[in-house]
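Heads up: the sequence shown runs through residues 3 to 88, numbered per this note's numbering.
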Amino acid sequence: MNPFTEPAKQASKETDKALAGKIAALSSLPQRKVERLLPEKRDKKQFLELIEMVKDETEMDEQLTHLETHVKTLGPVIFKVLRGFL
3 MNPFTEPAKQ ASKETDKALA GKIAALSSLP QRKVERLLPE KRDKKQFLEL IEMVKDETEM
63 DEQLTHLETH VKTLGPVIFK VLRGFL
């Protein structure tokens with residue numbers, strides 16, 4: 003196990019607590035509520051997975067749009083070539 007894992011987790015918790023304290027001081031929310039609003043590691047992981055899925059879908063949509071555009075312009079040429087084989 004990495005010797006820095008536990009100290010890093012503890013430092014992260016302390017940083018989140020300090021951040022929650024600062025936010026609570028600037029807002030009307032109590033510190034405990036602010037702490038509950040801060041994202042957890044699994045929340046970040048799920049968010050990154052969602053972003054990756056959106057990115058993949060966007061790339062697919064862009065590829066389909068590109069293909070559609072080129073099929074429209076090259077369609078007549080493709081049909082002529084196919085007729086030559088039939």
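C-beta atoms are modelled at their ideal positions from N, C-alpha and C, and glycine is treated no differently.
Do you know whose CA, among the options, lies nearest residue i's CA?
i          : options          : result
residue 34 : 45, 44, 21 and 9 : 21
Can you confirm whether residue i, when its beta carbon is compared against all beta carbons of chain D, has any partner nearer than 9 Å?
i          : result
residue 10 : Among the chains of the structure shown, chain D does not appear; only one protein chain is present.
With three or more C-beta pairs closer than 8 Å as the rule, is the stretch 17 to 25 touching the stretch 36 to 44? The stretch 36 to 44, when compared against the stretch 17 to 25, does touch it at the 8 Å Cβ threshold.
| request: Just list the alpha helix (DSSP H) runs in the stretch 33 to 60, keeping only unbroken ones of 4 residues or longer that don't cross its boundaries, in chain order. | output: Whole alpha helix (DSSP H) segments, 4+ residues: 33 to 39.
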